[in-house]
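The structure under discussion appears below in the form of structure tokens.
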Amino acid sequence: MELFEALKRRCSIRRYTGEVPTEQEIQTVLDTALLSPQLPMHDIHISVITNSALLKEAEENTERFCQLGYPTYNYGAACWILISGKHQTEGMPNTNFTGDMIRTNEYWTLGSMIQNMQLAATSIGLGSVAMNMSVVSLRDNPAFAEKLGVPNGYEPLGSLLLGKTEIELKERQVKRESLPITYLK
Ligand SMILES: Cc1cc2nc3c(=O)[nH]c(=O)nc-3n(C[C@H](O)[C@H](O)[C@H](O)COP(=O)(O)O)c2cc1C
1 MELFEALKRR CSIRRYTGEV PTEQEIQTVL DTALLSPQLP MHDIHISVIT NSALLKEAEE
61 NTERFCQLGY PTYNYGAACW ILISGKHQTE GMPNTNFTGD MIRTNEYWTL GSMIQNMQLA
121 ATSIGLGSVA MNMSVVSLRD NPAFAEKLGV PNGYEPLGSL LLGKTEIELK ERQVKRESLP
181 ITYLK
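Put into structure tokens, the structure is as follows:
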């Protein structure tokens, strides 16, 4: 699919068939995360979770934390891509860059990775949705985060649910009024 078509067809999918994407599909999507802009001072880790017991446990953990009473938090998606980053405390030596600034920048990197992967998923006909609830729910449960492959000293940053869907990825129109833009000419 051509890039602009994927940009227009990308949308959050919240109903999946439950079928696990093929290894090739998952790898195609993951490769695009690695093509996103990266800074050398960041230590990012990706967990790819297709284990059904862990996916179920993640939903239980999310309900424990969020208490929203959702029937499902994974929407039936059989693949969950969880991105974590090293909890930066040290700044950059001989600069004004604090550890906190480096941490904030990790979120830029995260956004690029998620965006690339969503576009790639759209291009190959897979559904996807950025998933924050299951990520924040790991904050007070480091033992489960460790089970999900989050390395020691890293914090969960964000995630993407990925899967087969019967929902059609329809082309959307741009709504120019949706965000204020200031032009300074
Ligand atoms: C940072 C971020 C976190 C999100 N977290 C969730 C989430 O926890 N659960 C969910 O269903 N959707 C989540 N979404 C998806 C948004 O709800 C969705 O992108 C938004 O409603 C716009 O819809 P669209 O993606 O179809 O354009 C998240 C999106 C972003 C950007």
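Its first residue numbered 1, the sequence shown is counted upward by one per residue in the UniProt record's numbering. The C-beta atom is built at its ideal place from N, Cα and C for all residues, glycine as well. Note that the structure is predicted; figures quoted are calculated from it, not measured.
Asked                                                                                                                                                   : Found
Using the rule of at least 16 other Cβ atoms within 10 Å of the residue's Cβ for burial, across every protein chain shown, is Thr165 buried or exposed? : buried
Indicate, with yes or no, if ligand 1 has a heavy atom lying under 8 Å from the CB of Ala58.                                                            : no
Use the C-beta contact count for Gln88: other C-beta atoms within 10 angstroms, 16 or more gives buried, fewer gives exposed.                           : buried
Would you check whether ligand 1 has a heavy atom nearer than 8 Å to the C-beta of residue 188?                                                         : The first residue shown for the chain is 1 and the last is 185, placing residue 188 beyond what the model contains.
Please state whether DSSP places Ala130 in a helix, a strand or coil.                                                                                   : strand
Could you name the residues that DSSP lists as bridge partners for Leu160?                                                                              : Ile81, Ala130
Regarding Tyr16 and ligand 1, is the C-beta to nearest heavy atom distance less than 8 Å?                                                               : no
Val48 lies in the beta strand (DSSP E); which residues open and close that run?                                                                         : 44-49
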